[in-house]
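Have a look at the structure below before the remarks.
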Amino acid sequence: MKNSYLTGYMPLLAILLFSLSLAIYAQTLVVDLLKKANLYTGMLDFFTKTEMNLVVIGGLMVVFTMIFATLKLLANTANELALLFFSKDTEGELLKKARFGAVIFFIGGLISLISFSSAAGIIIIFLVTAMAYIVYFVYKISPHITTPQMIGIIVFEALFWIFFGLLLALILMKLYNGILASLPL
Numbered sequence: 000m001k002n003s004y005l006t007g008y009m010p011l012l013a014i015l016l017f018s019l020s021l022a023i024y025a026q027t028l029v030v031d032l033l034k035k036a037n038l039y040t041g042m043l044d045f046f047t048k049t050e051m052n053l054v055v056i057g058g059l060m061v062v063f064t065m066i067f068a069t070l071k072l073l074a075n076t077a078n079e080l081a082l083l084f085f086s087k088d089t090e091g092e093l094l095k096k097a098r099f100g101a102v103i104f105f106i107g108g109l110i111s112l113i114s115f116s117s118a119a120g121i122i123i124i125f126l127v128t129a130m131a132y133i134v135y136f137v138y139k140i141s142p143h144i145t146t147p148q149m150i151g152i153i154v155f156e157a158l159f160w161i162f163f164g165l166l167l168a169l170i171l172m173k174l175y176n177g178i179l180a181s182l183p184l
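Taking numbering that gives the first Met the number 0, the leading residue of the sequence shown gets 0, the next gets one more, and so forth.
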């Protein structure tokens, strides 16, 4: 018997694995920053070194989990909007066909643990995993939609992520410029 809910926990595990990889990498950066700011020795009065590392990793995992959960929410929204606009499926059958794609992100999360010492490696693994999911998604829904619908879905998703990336870059540049303008130089 095939249970369609068997992979329901995979997205959460994938988010946690990618978050753990980035948190382990960023932990050394945060500890070095705390040492340079002379805060680390004061914090060692409350925590041991191991506890301090675990607290930093836990805090970073929370932050990265929020970021990846937001990306998953945006990806689900983009997929469902693309299918709303460009498919004739009203029952959600196309989404069910591509549901097993969560395993791709789970495997990517496991692989990212190998590269926890390199931020570039983790990001490359995440991007390759995302591209593999997109190929899988298109492959699974392609027999059920026409070529113009397929092109519409691909273009819509590409424009969605380009718009989101540009919006995020604009916000970060505004924030950076605001911080620079407020510094007394």
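For each residue, glycine too, the CB sits at the ideal point set by N, CA and C.
Only counting the same chain, and skipping five residues up and downstream in sequence, which positions put a Cβ closer than 6 angstroms to that of ILE144?
If you number the sequence shown from 1, residue 144 lands on position 145. Here the set comprises SER86.
Give the DSSP-derived three-state secondary structure of ASN185 in the structure shown.
A query on residue 185 cannot be resolved here, the shown segment of the chain reaching from 0 to 184 and no further.
Helix or strand or just coil, what does DSSP make of LEU15?
The residue labelled residue 15 in the question sits at position 16 within the sequence shown. Residue state, collapsed to three classes: helix.
What are the start and end residues of the alpha helix (DSSP H) that includes PRO147?
For the purposes of this step, residue 147 is taken as residue 148 along the sequence shown, with counting starting at 1. Per DSSP, PRO147 belongs to the alpha helix (DSSP H) from 146-181.
Inter-residue spacing [alpha-carbon to alpha-carbon] between THR49 and MET65
For the purposes of this step, residue 49 is taken as the residue at position 50 of the sequence shown. For the purposes of this step, residue 65 is taken as the residue at position 66 of the sequence shown. Taking the straight line joining both Cα atoms gives about 24 angstroms.
Should LYS96 and SER3 be called a contact, given that it needs their Cβ atoms to be closer than 8 angstroms?
For the purposes of this step, residue 96 is identified with residue 97 of the sequence shown, where counting begins at 1. For the purposes of this step, residue 3 is identified with residue 4 of the sequence shown, where counting begins at 1. No, the Cβ-Cβ distance between LYS96 and SER3 is not below 8 angstroms.
At the level of alpha carbons, what is the spacing between LEU82 and TRP160?
In the sequence shown, residue 82 corresponds to position 83, counting from 1. In the sequence shown, residue 160 corresponds to position 161, counting from 1. Their backbone Cα atoms lie some 16 angstroms apart in a straight line.
Have a look at GLY91, LEU126, LEU73 and flag the residue whose alpha-carbon is nearest the alpha-carbon of GLY108.
On the sequence shown, residue 108 is found 109 positions in, with the first residue counted as 1. Selected option, being the one with the closest Cα: LEU126.
In the DSSP assignment, the alpha helix (DSSP H) including ALA119 goes from what residue to what residue?
In the sequence shown, the residue the question calls residue 119 occupies position 120. Here the alpha helix (DSSP H) through ALA119 covers 118-140.
Which residues in the same chain have their Cβ closer than 7 angstroms to the Cβ of ILE133, if we skip the five residues on either side of it in sequence?
Taking the first residue of the sequence shown as 1, we reach residue 133 at position 134. Around ILE133: no qualifying Cβ.
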